[in-house]
Each structure stands twice: as structure tokens, then as C-alpha cells.
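In this note's numbering, the protein residues as written are 363 to 535.
The structure under discussion appears below in the form of C-alpha cells.
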Amino acid sequence: GAIVEQVDPPVPDPTASFEVIWCSADAFLLSQISTEKHALMDPGLVAMAERGRAMSAVDVVGAYAMRYDFGTVMAIFFEKYDLLVTPQMPLEAFEAGHTLPPGRKLKNWMDWSPFTPPFNLTTQPACSVPVGLGDEGLPVAMQIVGRHFEEPTVLRAARAVELRLPFAAPPGY
């Protein structure tokens, strides 16, 4: 049994700080690899690293400060709640081989995956659980997030969802 409550956590949008931290980290990682090899890499990764190279130290330190503030807000939220459940993505899965979903005006993967990065920032345990198929017959999922070091709680909740909503993968999936 669980008590389920719809909540709207009073959190700032961490997207901008995540993008700064992610892109600057990409820039650092690619700086360790010869430029000639960049042509062999995922173009999206190289583009994000290029954006990261253009960021200033002030941008990066500001992003880490926001990350700290966001982590504090989430820690306070999790004093009251054991788990947070969100959609995994705001759209249905799309065909493999595409970086961006066809037919949508998005600039990078962060635009179609806004629910995962916040918990990469806070380093909280999170689990994706398939819960069914969307209109196109491709999987949709929920994300279960827990308190720091509460991986067992997250995994127990995920298992309970799997038992209650068994996922039948589409043919060829």
C-alpha cells in the first residue's frame, strides 16, 4: 500500500544549470581527445562540447551554485515524501537511430528529456519503469525518484509497479 498525493514541488527549473554543467564537462572531456578523432564522434556530443567551450568560469560556477540550491530544495521536499513519480519523458519513445524525435522542433536531447537531468544534478536514485504503450505502439514509462541512498526504496516501488502494470513489449522490441 501507498499513499499517493499529487504535488507540485516548489523547485526552480534546473535545465539551464544542467546544460552548463553538462556542456562544460563535455568540453573538458573532448579536450582530452585529439581533434582529429572528433569527426568520429557523435555530432551532438561535439556540438555540446563546442557550446561548453564558449561558457565562462562565471557561467560554470553559477550553474554549480544553482545545483546546490536545487539539491537543497529537493532535500527539503524529501523530508515529507518518500518518492517522487514523474513521466520518464514528455513524449512517446521514437525510432532508434534518431537523436531528436522526427517532426519536432527541438535543439538537443535535453529538450525531449526534461525529467531526468534534475536528478543527475542532485545525484538522487531514479529508476525508469515501462508502464505501457503510447499511440504509436512504442513504450512510455514513469520515473521513480527517491531520497539520497534510498535505492532499495526506489527499486521496491519499481517492482511494485511492474507487478501491478506488467509491460508487454511490442513485437521486435
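Every residue gets a Cβ at the ideal spot worked out from N, C-alpha and C, and that includes glycine.
Supposed contact pair residue j and residue i - C-beta distance, whole angstroms, cut 8 Å
i	j	result
I383	R429	7 Å
L527	G494	7 Å
L392	V366	With 8 Å as the limit, L392 and V366 do not qualify as a contact, their Cβ atoms being about 43 Å apart.
F529	P492	4 Å
Minimum C-alpha distance to residue i - residue among the options
i	options	result
A519	P374, V507, C385, F529	V507
M485	D370, F380, G363	A small fix is needed here, since residue 485 is Thr in this sequence, not Met. Nearest of D370, F380, G363 to T485, Cα basis: F380.
E457	A503, G499, E367	G499
P374	L391, D388, P480	P480
P405	V422, D444, T461, Q368	T461
M436	V502, V516, H510	H510
L517	P501, S490, F529	S490
Q368	A409, L445, E441	L445
T515	M403, I438, Y443	Y443
One or two residues paired with residue i in a DSSP bridge
i	result
C489	I506
P501	L495
V447	I506
Separation of residue j from residue i, as counted between CA atoms
i	j	result
G534	D370	37 Å
V385	L483	Looking at the sequence itself, residue 385 is Cys, so the reference to Val does not match. C385 and L483: Cα-Cα distance of roughly 13 Å.
A411	A401	13 Å
F432	Y426	10 Å
L468	A389	22 Å
M417	E398	23 Å
A488	E513	8 Å
A531	A522	18 Å
W474	S396	30 Å
P376	A503	22 Å
M403	G424	29 Å
N470	P463	10 Å
A378	M472	10 Å
Cβ shell of residue i (< 8 Å), same chain only, five flanking positions each side left out
i	result
F477	T448, P449, Q450, M451, P452, Q505
D497	E454
I422	A quick correction: the sequence has Val, not Ile, at residue 422. Counting only Cβ-Cβ distances below 8 Å, and skipping sequence neighbours, we find V382, I383, S386.
Same chain only: Cβ atoms within 6 Å of residue i, ignoring 5 sequence neighbours per side
i	result
V420	none
P372	none
Neighbour flag for residue i against chain B, beta carbons, 9 Å
i	result
M472	This model lacks chain B altogether, as it is built from one protein chain only.
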